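**Student:** The numbers in full-length UniProt numbering rise by one with no breaks, and the one at position 202 of the sequence shown is 202.
Ideal Cβ positions, reconstructed from N, Cα and C, are used throughout, including at glycine.
Since the structure is predicted, the reported quantities are computational estimates derived from the model, not experimental observations.
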Amino acid sequence: MQILVTGNAGFIGHHLALRLAQQGHQITGIDSLNDYYDVRLKKARLAQSGITTDEYGKEYVSAGLPYRFRQLDLCDKAGLERLFTDHQFDIVVNLAAQAGVRYSLINPTAYIDSNITGFLNLLEQCRHHQCPRLIYASSSSVYGNTQEVPFREDAPVDHPVSLYAATKKSNELMAYTYAHLYRIQTIGLRFFTVYGPWGRPDMAPLLFANAITNGQPIKVFNNGELSRDFTYIDDIIDGIQQIINHPERAREDNPGTPAVVYNIGHGSPMPLMRFIALLEQNLGREAIKEYTGMQAGDVYRTWADTSKLLADYGYVPKTTLEEGIKQFTDWFKNYKSILPDKK
């Protein structure tokens, strides 16, 4: 298939685009390569796929894989129009977004630009270029601090506690509207705390691993009384791949409108302190813990009910937290040598 993966220099996008290209799909990836975090990591991910880039808008081809890359921002309407004119995509997987809960308190405009305006631009291109299917990243953050666990897709999600969460809920509503009006199949995936090799440096696994290794303190929010549904990257990619391969299995949330939303997580929340202990064990050093209160915009726990994805796609995550942390820390020990010396 001809597949567009947006945000392909990001964490999940990198793993997905590489897996699909290795399986023979014709992959086009786009990413703005913004400086929300160190661009060297994003370029190192691309390099692992055989792609080097240094010029905005130019298309680069992977060495040895059916994989093209173009540096492009979703807010660039003219650039997106050229892209969709050049390629007739069978499916778009949108993983490009301004991520992070804390940063949404500092730079809210970035979230509206990328997550709302950029998403609308992508929907419009799918509409006008007759792309029949859109899979897009939502987030477990849409559930806010609901007390009903595990989180079910049919639970009310009208009380987001961060602007980031509000934009993801907005994406689900926008996708539903385009599915209803223009018969585009839209599938939203509410990701639950994805971790693994090549992860984002603003997320706890890499933040904590760096601090522990360098003998620096880690901030333990809410005095450690938090739990997360940690989900290993390979399980996430397996789930997305099943959805890509079998569009007919997705059941519409409302009859007559080809829109659906799924939780995709491990399905078993883990205490934050257990997660830290596993990092300490695998890195061979004890963390210096700085206990503090709850951070603004954060939630106390996440817990995915994945029964809907299981029923439709046979989704069963296989990686335990113990196995996943081991694989993550094995990668992390080579992390500094993976990055080039200069930006």
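On a CA-only basis, which of 255, 319, 220 and 262 is nearest residue 271? Give me that one, please.
**Tutor:** As a working note, residue 271 is residue 271 in the sequence shown. Checked all of 255, 319, 220 and 262; the closest Cα to residue 271 is 220.
**Student:** Thinking just about the alpha-carbon of each residue, which of 81, 105, 46 and 82 is nearest to the one in residue 65?
**Tutor:** Numbered from 1 along the sequence shown, position 65 holds the residue referred to as residue 65. Out of 81, 105, 46 and 82, 46 has the C-alpha closest to the C-alpha of residue 65.
**Student:** For residue 25, which of 187, 244 and 58 has the nearest alpha-carbon?
**Tutor:** What you label residue 25 is simply residue 25 of the sequence shown in a count that begins at 1. When each option's Cα is compared against that of residue 25, the closest is 244.
**Student:** For residue 15, collect the residues of the same chain with a Cβ closer than 6 Å to its Cβ; drop the 5 residues on either side in sequence, then sort them by chain order.
**Tutor:** Position 15 of the sequence shown, counting from 1, holds the residue named residue 15. Counting only Cβ-Cβ distances below 6 Å, and skipping sequence neighbours, we find 233 and 237.
**Student:** Any chance the segment 159-171 sits against the segment 83-92, with 3 or more Cβ pairs inside 8 Å?
**Tutor:** Inter-segment contact for the segment 159-171 and the segment 83-92 is absent: fewer than three beta-carbon pairs are separated by less than 8 Å.
**Student:** Is residue 196 near residue 23, with beta carbons less than 8 Å apart?
**Tutor:** Along the sequence shown, read from residue 1 onward, the residue named residue 196 stands at position 196. Along the sequence shown, read from residue 1 onward, the residue named residue 23 stands at position 23. Result no, Cβ atoms of residue 196 and residue 23 do not sit closer than 8 Å.
**Student:** Count the other CB atoms within 10 Å of the CB of residue 181; is the residue buried (16 or more) or exposed (fewer)?
**Tutor:** Position 181 of the sequence shown, counted from the start, is the residue given in the question as residue 181. Exposed: under 16 other Cβ atoms inside 10 Å.
**Student:** Once you ignore the five residues that flank residue 331 on each side, which residues in its own chain have a CB closer than 6 Å to its CB?
**Tutor:** Numbered from its first residue, the sequence shown carries residue 331 at position 331. Closer than 6 Å at the Cβ level, and outside the excluded window around residue 331, lie 197.
**Student:** Measuring CA to CA, which of 130, 285, 73 and 277 is closest to residue 114?
**Tutor:** Locating residue 114 in the sequence shown gives position 114, counting from the first residue. Among 130, 285, 73 and 277, the Cα nearest to that of residue 114 belongs to 73.
**Student:** Can you list, in chain order, the residues of its chain with a C-beta nearer than 7 Å to that of residue 84? Leave out the 5 residues immediately preceding and following it.
**Tutor:** As a working mapping, residue 84 is identified with position 84 in the sequence shown. Closer than 7 Å at Cβ, skipping near neighbours: 125 and 129.
**Student:** Around the Cβ of residue 179, are there at least 16 other Cβ atoms within 10 angstroms (buried) or fewer (exposed)?
**Tutor:** As a working note, residue 179 is residue 179 in the sequence shown. Classification of residue 179: buried, given that the 10 Å Cβ count is 16 or more.
**Student:** Could you have a look at residue 227 and say whether DSSP puts it in helix, strand or coil?
**Tutor:** Taking the sequence shown and counting its residues from 1, the one referred to as residue 227 is at position 227. Here residue 227 sits in strand by DSSP.
**Student:** On the three-state DSSP scale, how would you describe residue 139?
**Tutor:** What you label residue 139 is simply residue 139 of the sequence shown in a count that begins at 1. When DSSP states are grouped into helix, strand and coil, residue 139 belongs to the strand group.
**Student:** Which value, in whole angstroms, describes the spacing of the CA atoms of residue 127 and residue 152?
**Tutor:** The residue given as residue 127 occupies position 127 in the sequence shown. The residue given as residue 152 occupies position 152 in the sequence shown. Each residue's alpha carbon lies about 30 Å from the other.
**Student:** Let me check one thing: in DSSP terms, what residues is residue 195 bridge-paired to?
**Tutor:** Position 195 of the sequence shown, counted from the first residue, corresponds to residue 195. Partner(s): 232.
**Student:** Please state if the CB of residue 139 and the CB of residue 190 are separated by a distance shorter than 8 Å.
**Tutor:** The residue labelled residue 190 in the question sits at position 190 within the sequence shown. The residue labelled residue 139 in the question sits at position 139 within the sequence shown. Closer than 8 Å, so yes.
**Student:** With H, G and I counted as helix, E and B as strand and the rest as coil, what does DSSP make of residue 146?
**Tutor:** Within the sequence shown, numbered from 1, the residue matching residue 146 stands at position 146. Three-state result, residue 146: coil.
**Student:** Quick check on the DSSP output: what are the complete beta strand (DSSP E) runs of length 3 or more inside the segment 66-109, in order along the chain?
**Tutor:** 67-71 and 91-94
**Student:** For residue 227, tell me which candidate among 184, 131, 218 and 149 has the shortest Cα-Cα distance.
**Tutor:** Position 227 of the sequence shown, counting from 1, holds the residue named residue 227. Check the Cα spacing between residue 227 and each of 184, 131, 218 and 149: the tightest is with 149.
**Student:** When you compare the CB positions of residue 267 and residue 320, do they come within less than 8 Å of one another, or not?
**Tutor:** Locating residue 267 in the sequence shown gives position 267, counting from the first residue. Locating residue 320 in the sequence shown gives position 320, counting from the first residue. At least 8 Å separates the beta-carbon of residue 267 from that of residue 320.
**Student:** Span of the alpha helix (DSSP H) holding residue 171?
**Tutor:** Taking the first residue of the sequence shown as 1, we reach residue 171 at position 171. Taken as a continuous stretch (DSSP letters only), the alpha helix (DSSP H) holding residue 171 covers 163-182.
**Student:** Counting only the same chain and skipping the five closest in sequence on each side, list residues whose C-beta sits under 8 Å from that of residue 155.
**Tutor:** Along the sequence shown, one-based indexing puts residue 155 at 155. If the five residues before and after residue 155 are omitted, its C-beta is found closer than 8 Å to the C-beta atoms of 143, 146 and 148, all from its own chain and listed in chain order.
**Student:** I'd like the span of the beta strand (DSSP E) that includes residue 263, first residue to last.
**Tutor:** Start at 1 with the first residue of the sequence shown, and residue 263 comes out as number 263. Run containing residue 263: 259-264, per the beta strand (DSSP E) assignment.
**Student:** Please report how far the alpha carbon of residue 62 lies from the alpha carbon of residue 69, in whole angstroms.
**Tutor:** By one-based count along the sequence shown, residue 62 stands at place 62. By one-based count along the sequence shown, residue 69 stands at place 69. Rounded to whole angstroms, residue 62 to residue 69 spans 8 Å at the Cα level.
**Student:** Would DSSP call residue 270 helix, strand or coil?
**Tutor:** Counting from 1 along the sequence shown, the entry for residue 270 is found at position 270. Secondary structure at residue 270: strand, using DSSP grouped into helix, strand and coil.
**Student:** Between residue 207 and residue 218, what straight-line distance do the alpha-carbon atoms span, to the nearest angstrom?
**Tutor:** Residue 207 sits at position 207 when you count from the first residue of the sequence shown. Residue 218 sits at position 218 when you count from the first residue of the sequence shown. Linking residue 207 to residue 218 through their CA atoms gives a straight-line distance of about 8 Å.
**Student:** By how many angstroms is the C-alpha of residue 223 removed from the C-alpha of residue 51?
**Tutor:** Taking the sequence shown and counting its residues from 1, one reaches residue 51 at position 51. Taking the sequence shown and counting its residues from 1, one reaches residue 223 at position 223. In a straight line, the C-alpha of residue 51 is about 43 Å away from that of residue 223.
**Student:** Give every residue of the same chain whose Cβ lies closer than 7 Å to the Cβ of residue 283, excluding the five residues on either side of it in the sequence, and list them in chain order.
**Tutor:** Numbered from its first residue, the sequence shown carries residue 283 at position 283. Once the five neighbours on either side are set aside, the close Cβ partners of residue 283 are 209, 212, 213 and 329.
**Student:** Using 10 angstroms around the beta-carbon of residue 292, count the other beta-carbons present and answer buried if the total reaches 16, otherwise exposed.
**Tutor:** Here the question's residue 292 lines up with position 292 in the sequence shown. Answer is exposed; the Cβ neighbour count stays below 16.
**Student:** By Cβ distance, which residues of its chain are closer than 7 Å to residue 166, with the 5 residues on each side in sequence left out?
**Tutor:** If you number the sequence shown from 1, residue 166 lands on position 166. Excluding sequence neighbours, residue 166 sits near 160.
**Student:** Along the chain, where does the beta strand (DSSP E) containing residue 12 start, and where does it finish?
**Tutor:** On the sequence shown, residue 12 is found 12 positions in, with the first residue counted as 1. Not the beta strand (DSSP E): residue 12 falls in the alpha helix (DSSP H), residues 11-22.
**Student:** Under the three-state reduction of DSSP, which class applies to residue 343: helix, strand or coil?
**Tutor:** Here residue 343 corresponds to residue number 343 of the sequence shown, with the count starting at 1. For residue 343, the predicted model reports a pLDDT of 46, less than 50, meaning its position is unreliable and no value from the coordinates is stated.
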